[in-house]
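A short worksheet on the structure shown next.
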Amino acid sequence: MQLDSGAVAEGRITRVTDFGAFVQFENGETGLVHISQIAHSFVRNIHDHVREGENVEVKVLGRDERGRLDLSIKELLEEPEEVPRPRAIGRQSPQFEAKLRSFMRDAKERGPGGGGLGGKKPAGKRKK
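What follows is the structure, given as C-alpha cells:
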C-alpha cells in the first residue's frame with residue numbers, strides 16, 4: 001500500500017508524546033500526527049484526544065524533507081461552525097469615567113514630578 005499525499009488510511013497509534021502521536025500502518029511505515037492536526041479546537045493535552053494502541057483514520061498531508069509521513073486526524077473531521085467571538089466590552093460605567101477624569105485633572109494640576117513623593121526627589125547618586 002503506497003501512502004501518497006491526500007490518501008486516507010487506518011493505522012494504530014504506537015506512541016503518544018507531548019507534540020503528537022505516531023501512527024503505524026499495515027505496511028510497516030510510521031508517520032506523525034502533530035498536536036495541531038488532532039482537532040479543530042486548541043489541544044492542550046493530547047492524551048484527552050488519543051491513546052496508545054487506538055486505531056485511527058488519518059489523512060496523509062505529505063512527506064517532509066526526510067521522507068517521513070505527515071498525517072492529520074483533523075482533516076477528516078467535520079469542521080465546526082464558526083465559533084462565536086467574545087463580545088466587545090462596551091463603555092465603562094459612568095462612575096468609573098468620572099473617577100478617571102477627576103484623577104487625570106488632579107494629576108495635571110500637580111504637574112510633572114508632583115506625584116506621590118511629597119515633593120522630595122528620588123534617592124540616587126549625589127554629585128560631589
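In full-length UniProt numbering, the protein residues as written are 1 to 128.
Every residue, glycine too, gets a C-beta built ideally from N, C-alpha and C.
What are the partner residues of Arg-12, as DSSP defines its beta bridges?
-> Taking the first residue of the sequence shown as position 1, residue 12 is located at position 12. According to DSSP, Arg-12 bridges with Gln-24 and Asn-55.
DSSP state of Asp-70, grouped into three classes?
-> Taking the first residue of the sequence shown as position 1, residue 70 is located at position 70. Of the three classes helix, strand and coil, the one that applies to Asp-70 here is strand, per DSSP.
Using alpha carbons as the reference points, say which of Asp-106, Phe-19, Glu-79 and Ala-9 lies closest to Val-43.
-> For the purposes of this step, residue 43 is taken as the residue at position 43 of the sequence shown. Among Asp-106, Phe-19, Glu-79 and Ala-9, the Cα nearest to that of Val-43 is on Phe-19.
Presumed contact (8 Å Cβ cut-off) between Glu-57 and Leu-32, rounded CB distance | Walking along the sequence shown from the start, residue 57 turns up at place 57. Walking along the sequence shown from the start, residue 32 turns up at place 32. Leu-32 and Glu-57 do not touch by the CB rule: their CB atoms are close to 16 Å apart, not below 8 Å.
Please name the residue in Arg-63, His-34, Val-60 and Leu-100 whose C-alpha comes closest to that of His-49.
-> Translated into the one-based positions of the sequence shown, residue 49 becomes position 49. Residue His-34 is the option with its Cα nearest to His-49.
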